[in-house]
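Just so you know, the sequences run in chain order A and B.
Residue numbers for the first sequence follow the numbering used here, beginning at 1 and rising by one.
Residue numbers for the second sequence follow the numbering used here, beginning at 250 and rising by one.
There are 2 protein chains.
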Amino acid sequence: MGIPATAKIDRKSYEPAYAQLAKILKRQISDGIYRPGDRLPSEAKLCEAYDVSPMTVRRVVNMLVEQGVAVAEQGRGTFVKPLGLGTAVFHLDALQQFFDDAENTRVKLLETRIVSADERTARKLSISQNQRVVFIRRLISQNGIPSLYHREYLIYDPERPIIEAEMEVTSLRGLFSGASESTLKWGNLLIEATILRDEEARVLNSQSGAAAFRLEHIFYDFDNQPLSLGWFISPGDRLHFKTSVGIQE
Amino acid sequence: MGIPATAKIDRKSYEPAYAQLAKILKRQISDGIYRPGDRLPSEAKLCEAYDVSPMTVRRVVNMLVEQGVAVAEQGRGTFVKPLGLGTAVFHLDALQQFFDDAENTRVKLLETRIVSADERTARKLSISQNQRVVFIRRLISQNGIPSLYHREYLIYDPERPIIEAEMEVTSLRGLFSGASESTLKWGNLLIEATILRDEEARVLNSQSGAAAFRLEHIFYDFDNQPLSLGWFISPGDRLHFKTSVGIQE
DNA sequence: CATTTTAACTTCTATATACAAGTTTATAAC
DNA sequence: GTTATAAACTTGTATATAGAAGTTAAAATG
Numbered sequence: 001m002g003i004p005a006t007a008k009i010d011r012k013s014y015e016p017a018y019a020q021l022a023k024i025l026k027r028q029i030s031d032g033i034y035r036p037g038d039r040l041p042s043e044a045k046l047c048e049a050y051d052v053s054p055m056t057v058r059r060v061v062n063m064l065v066e067q068g069v070a071v072a073e074q075g076r077g078t079f080v081k082p083l084g085l086g087t088a089v090f091h092l093d094a095l096q097q098f099f100d101d102a103e104n105t106r107v108k109l110l111e112t113r114i115v116s117a118d119e120r121t122a123r124k125l126s127i128s129q130n131q132r133v134v135f136i137r138r139l140i141s142q143n144g145i146p147s148l149y150h151r152e153y154l155i156y157d158p159e160r161p162i163i164e165a166e167m168e169v170t171s172l173r174g175l176f177s178g179a180s181e182s183t184l185k186w187g188n189l190l191i192e193a194t195i196l197r198d199e200e201a202r203v204l205n206s207q208s209g210a211a212a213f214r215l216e217h218i219f220y221d222f223d224n225q226p227l228s229l230g231w232f233i234s235p236g237d238r239l240h241f242k243t244s245v246g247i248q249e
Numbered sequence: 250m251g252i253p254a255t256a257k258i259d260r261k262s263y264e265p266a267y268a269q270l271a272k273i274l275k276r277q278i279s280d281g282i283y284r285p286g287d288r289l290p291s292e293a294k295l296c297e298a299y300d301v302s303p304m305t306v307r308r309v310v311n312m313l314v315e316q317g318v319a320v321a322e323q324g325r326g327t328f329v330k331p332l333g334l335g336t337a338v339f340h341l342d343a344l345q346q347f348f349d350d351a352e353n354t355r356v357k358l359l360e361t362r363i364v365s366a367d368e369r370t371a372r373k374l375s376i377s378q379n380q381r382v383v384f385i386r387r388l389i390s391q392n393g394i395p396s397l398y399h400r401e402y403l404i405y406d407p408e409r410p411i412i413e414a415e416m417e418v419t420s421l422r423g424l425f426s427g428a429s430e431s432t433l434k435w436g437n438l439l440i441e442a443t444i445l446r447d448e449e450a451r452v453l454n455s456q457s458g459a460a461a462f463r464l465e466h467i468f469y470d471f472d473n474q475p476l477s478l479g480w481f482i483s484p485g486d487r488l489h490f491k492t493s494v495g496i497q498e
């Protein structure tokens, strides 16, 4: 019967069997041997064809499903998933690239000030309107070119030692890469397209009215209390997001 | 010894044991029982504490790692991962929402025309500059409000039957949700912040110079030949992307 | 005291097995 | 011919087991 093993699994390789089989199947899909909508061989047949145990095949199928390459329907089979734009994701690590090469990147602390929360800040941070917050403005430059403007309101609480650590100019980097920051539990993010206002354009050495991304963030602690509200602003000509859909290569 | 089972697994539940255990562990992390950087109990101890097999625990740990909640280091242990902005992902299915309620959404075909490829189009589609391509302009409106403007250049090849299907006004929806479209294998996506030009503002019933997202796409077939180059443009006040990082709830 | 070796512990891969649950197809019954 | 039944096949869950590979800390050795 049609055992479609186009490649074998090298048991002497350091690459695990499940990774090899996943690669083989994805390659076959990429080559058009299995087209979108087609049914992949059943797990039992894959076991026999590639001489691996059912659990290993199971793992491979799960990987393909999680990667969005296939969909599994109980009792029917596993089918190659057609390309769908809605499944595309773009990663924020494009921003992280700013901090990766520490040599060419400089974080400049423009201002730290204690102010009274305005209406919007108070509402989003779940505090009263007259309560005091720490206002921070930072500018991230790369090779001398300012590319990220950051404004942030921080809850001002003398009992919590967060503020000092947060004020460190280097703390931004840890926020992206996931260093310490063990006081933060989760955050809400919002990306908008906007245009630079006068002050933003001045700081970023750009033109007022130019296209820009705005990333709003609210971070919460382990008591689900808002700790921070802020925005990253980057001119559109200095930042973009790339991604891809479907089966590569 | 410290067996930290704060909840038990209900074997009579329809929810699989691995899902229950994953939920329990995530809840404990969310509650601060295990803080970022802390080591989770070893797999052996989890087996004993929750009375499940090693493979089930293995599966749960893998889930947590894939979800970005924890990191596993061979020989050392599994540790709670601190929140990192760089791990954030934005899903493009925000765009798909436009097509979900078919009643309120209308796709209008503004123009289809056969033109000669200009320099940029020819380069990105890997064709010669004088070669003919199909140019399509579409407008997607929701509740009468135009919210997406789509321009696309399609390879014109009489031998390939793609064009007719692509020209269907409904084909856009299939592109997002992942319907047929079995001729497309993969695509490159680029998201930029831009401002509306005169023609775009006119079509979108907006103002020239307003902030907007631009999503460029290039799709390839199973021979890795470019088939389509196009752009979605949406005013910034009618589209934004939300997501979150860390451990919810 | 410094170094090496050993033991204990960790995650990681892989197999073999059993049964549950859903779908499809062939068979039997009416 | 239509309907019910049964069989075969599919993915899904769960267990028990074995060993590989990496880390850490204690014990042995010099």
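Cβ coordinates follow ideal geometry from the N, Cα and C atoms, glycine included.
Predicted model, so just to flag it, every value in this text is computed and none were measured.
Taking only three categories from DSSP, how would you classify residue i?
i: V418(B); result: Because V418(B) sits at a pLDDT of 46, beneath the cut-off of 50, its placement in the model cannot be relied upon, and the following sentence gives the value as read from the coordinates. Looking at V418(B) - three-state DSSP - the assignment turns out to be coil, as it is neither helix nor strand.
i: V314(B); result: helix
i: P303(B); result: helix
i: A88(A); result: coil
i: L476(B); result: strand
i: I127(A); result: coil
i: R308(B); result: helix
i: L445(B); result: coil
i: G236(A); result: helix
i: T327(B); result: strand
i: R11(A); result: coil
i: L464(B); result: strand
i: A459(B); result: coil
i: E152(A); result: strand
i: L433(B); result: strand
i: L332(B); result: coil
i: E249(A); result: coil
i: A70(A); result: strand
Hey, is residue i's beta-carbon within less than 8 Å of any beta-carbon in chain A?
i: T361(B); result: no
i: G335(B); result: yes
i: T443(B); result: yes
i: T370(B); result: no
i: L453(B); result: no
i: I412(B); result: Only weak support exists for where I412(B) lies, its pLDDT of 49 falling under 50; the value from the coordinates is given anyway. So no, I412(B) is outside the interface.
i: I496(B); result: yes
i: S493(B); result: yes
i: L274(B); result: no
i: G485(B); result: yes
i: F384(B); result: no
i: I376(B); result: no
i: Q456(B); result: no
i: A256(B); result: no
i: V338(B); result: yes
Note down, in chain order, each residue of its chain lying with its Cβ closer than 8 Å to the Cβ of residue i, except the 5 sequence neighbours on either side.
i: Q207(A); result: L196, A201
i: Y263(B); result: none
i: P303(B); result: E292, A293, C296
Once the 5 residues before and after residue i are set aside, which same chain residues still bring their CB inside 6 Å of it?
i: E441(B); result: R463
i: E465(B); result: L439, W480
For the beta strand (DSSP E) containing residue i, name the first residue and the last one.
i: F490(B); result: 490-495
i: Y267(B); result: It is not in any beta strand (DSSP E) - Y267(B) instead sits in the alpha helix (DSSP H) that spans 266-279.
i: T112(A); result: 105-116
i: L289(B); result: Careful: L289(B) lies outside any beta strand (DSSP E) and carries neither H nor E.
i: R284(B); result: Neither: R284(B) is in no beta strand (DSSP E) and is coded neither H nor E.
i: F192(B); result: One cannot answer for residue 192(B) here, as it falls past the ends of chain B, which runs 250 to 498.
Give a yes or no on whether the minimum CB-CB distance between residue i and chain B is below 8 Å.
i: F241(A); result: yes
i: K185(A); result: yes
i: M1(A); result: Since pLDDT at M1(A) reaches only 45, below the 50 mark, its modelled position is unreliable, and no value is offered.
i: L92(A); result: yes
i: L83(A); result: yes
i: I145(A); result: no
i: F98(A); result: no
Starting from residue i, trace the alpha helix (DSSP H) both ways and give me its first and last residue.
i: D100(A); result: 93-100
Whose C-beta lies closer than 7 Å to the C-beta of residue i among residues of the same chain, with five residues either side of it excluded?
i: G37(A); result: F79, V80, P82
i: I278(B); result: V318, V329, I496
i: A461(B); result: T443, I444, L445, I482, S483, P484, G485
i: A88(A); result: T243, V245
i: N454(B); result: P395
Compute every distance between the C-beta of residue i and the non-hydrogen atoms of the ligand SAH, then say whether any falls below 7 Å.
i: K272(B); result: What this structure holds is no ligand at all, so the ligand SAH is not there to describe.
So the candidates are the options; which of them puts its Cα closest to the Cα of residue i?
i: A371(B); options: F384(B), V314(B), L359(B); result: F384(B)
i: V364(B); options: I389(B), A271(B), Y402(B); result: Y402(B)
i: I218(A); options: L358(B), A256(B), T255(B), V494(B); result: V494(B)
i: D223(A); options: A268(B), P265(B), Q269(B), I282(B); result: I282(B)
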